[in-house]
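Just so we're aligned: 286 in UniProt numbering is position 286 of the sequence shown, and the numbers increase by one with no gaps anywhere.
Quick notes on the structure that follows.
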Amino acid sequence: MRMRPLGRTGIQVSPYCLGTMMFGRVGNPDHDECVRIIHRALDAGINFIDTADVYSYSETEEIVGTALKGRRDDVIVATKVNGPMGKDPNRAGNSRRWIVTEVEHSLRRLQTDHIDLYQIHHPDPRTDIEETLAALTDLMRDGKVRAIGTSNFPASDIVEAQWVAERRALARFRTEQPPYSLLNRGIEREVLPVCERYGMGTLVWSPLGMGLLTGRYREDRKASASRMAWVPRHMTDERTHDTVERLALLAEEAGIPLTHMAMAFAVAHPGVTAAIIGPRTMEQLDDLLAGAGTVLGDDVLDRIDEIVPPGSDVGLLDVSYDPPAVTRAGLRRRPGDERAAA
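Structural data, given as C-alpha cells:
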C-alpha cells in the first residue's frame, strides 16, 4: 500500500485503516479469527488500526492487543475515549478525570505503553474544551499518547479547539474522524476544508454507508435486527435505497464492484487521509483488499456527482453526532409568551 501523511504529525499511514468495531461480541465473537483478520490486513500492507474503548464493551481493544504482540512497533494504533463504560455517569465524557483514568485501561487492554493516536469519540457539551485539551496535553508530555484527534466533531467545534489550543499553548488536535461515503458527503462542505486549513488528517468512517454500499440490500431491503438497532432510519429510507440502486448500476456500467467503487471514491478526495474498513469476516476483508488499486476516472466521478451532489447527504446516519441545538427542543423554542412577533 502507498503511504500518506497523517496531517502534519510526520506519521505515515496506509490509505486503508483497519476498523475493529466488528471484532468481539457485537460482531465476530471468535477472537482467534479476529486476530487472523488483523494479521491478514497487516500482511497486505495496512499499518493503521482504529479501535475504541466502547467497542464490544472493551473486548475489542483486548483482541487488538493480542493480535499486535511482536508487531506493535510497525503499527499505528488509534483508539478513542468518550462513550459510557458503566452506569456511573463519571465513567464517560471528555473530563480530565475520565480521560486520565480511561487511558490507563486502554493501554492495559492494548498491551502497550503508548497510543499513537488518542481520539475524543464525540463532543461533550458539558465539558470545557480547554479541560479536555489540557488533560490530553499532559498525556502527551508523559509519553502515553503521541498525537491527539477528534471524531464526529462539527466544523465549528474543530475551529474552537484549534483556537483554544493556540491561546492556551496546549497540544492541538491533529486528526478528525467523520462519516463519509457515496451517500454521506456533507463533510465536503465545511469539515474537510477546515481540516485541510489546519493541517489535520482525516480518517473517514463508514465508507460503505453502514453496509448499504455492499449491495447486500438491493433486492431485499430488510436489514438484520442488530443493524436496524443501530441505524433504523438509514436502513429503511426509500430515497437512500433508490440512490444505492443508481450507484450500483453505475458501478456495473464501469465494470467494478460497488464496494470497490465506494472505497475508491472515499480515498480519492484530497482531504481524506484514510478510509476505515470494518470487516467482520476474512472474506469481507479480502474483497476490500482486492479493490485497493481501483482508480475512478473523472467520467465516473462526474456521474457520482450527478447522483449525490457534492456536499450533500442522502440520509443522515442515526449514529452520527447531533448537537444539543438539534436534540433539545427547549433550545429551539422561546417560552410560549415570547413567541409572538407583535
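Note that CB positions come from ideal geometry on N, CA and C, so glycine has one too.
Residue i in three-state terms, based on DSSP
i	result
S95	coil
D30	coil
L316	coil
T137	helix
D286	helix
F173	coil
A67	helix
F23	strand
I276	strand
A292	coil
V308	coil
G255	coil
F265	helix
Y55	helix
P193	helix
P324	helix
R167	helix
Q162	helix
T127	coil
G330	helix
D88	coil
G143	coil
D43	helix
T240	helix
T112	coil
T281	coil
A248	helix
M200	coil
Beta-bridge pairing of residue i - partner residues as DSSP gives them
i	result
Y118	T79, I148
R4	V13
W205	P179
I49	L18, V77
N184	D313
Cβ separation of residue i and residue j, assumed to be a contact under 8 Å, to the nearest whole Å
i	j	result
I148	Y118	5 Å
A134	R96	7 Å
L182	A262	5 Å
residue 351	V13	No information on residue 351 is available, as it lies outside the stretch 1 to 342 that the chain covers here.
Q177	L203	4 Å
H121	S151	5 Å
V244	A264	Actually they are not in contact, since the Cβ atoms of V244 and A264 sit about 16 Å apart, beyond 8 Å.
W205	I276	5 Å
D116	A78	6 Å
E196	G271	5 Å
V308	L250	Between L250 and V308 the Cβ distance is about 11 Å, and since that is not below 8 Å, they are no contact.
M22	R332	Wrong, their Cβ atoms sit about 36 Å apart, outside the cutoff.
T175	L6	7 Å
R8	G199	4 Å
Sequence-distant residues of the same chain with beta carbon closer than 7 Å to residue i, five excluded per side
i	result
V194	A155, I158, V159
L208	S181, T214, T259, A262
N94	N82, I120, D124, T127, T132
I256	T294
residue 367	No answer is possible for residue 367: it lies beyond the span of the chain, which begins at 1 and ends at 342.
residue 405	Residue 405 cannot be examined here, being either before or after the span of the chain that is shown, 1 to 342.
Same chain only: Cβ atoms within 6 Å of residue i, ignoring 5 sequence neighbours per side
i	result
S56	G24, R25, V26
A165	L133, R172
C17	F48, D50, L203, A274, I276
Q111	G65
G186	D313
A44	L289
V54	G83
C34	F23, N28, I63
Same chain, Cβ closer than 8 Å to residue i, five either side skipped, listed in chain order
i	result
P125	P323, P324
R2	S14, P15
Below-7 Å beta-carbon distance, residue i vs any chain B residue
i	result
V159	Note that chain B does not occur in the displayed structure, where there is just one protein chain.
Measuring CB atoms only, is the region 307–324 touching the region 238–249, in the sense that at least three cross pairs come out at less than 8 Å?
Judged by pairs of C-beta atoms under 8 Å, the region 307–324 touches the region 238–249, as three or more such pairs exist.
Does the region 60–72 come close enough to the region 32–48 that 3 or more CB-CB pairs lie under 8 Å?
With a cut-off of 8 Å, the region 60–72 and the region 32–48 count as touching, because enough Cβ pairs lie within range.
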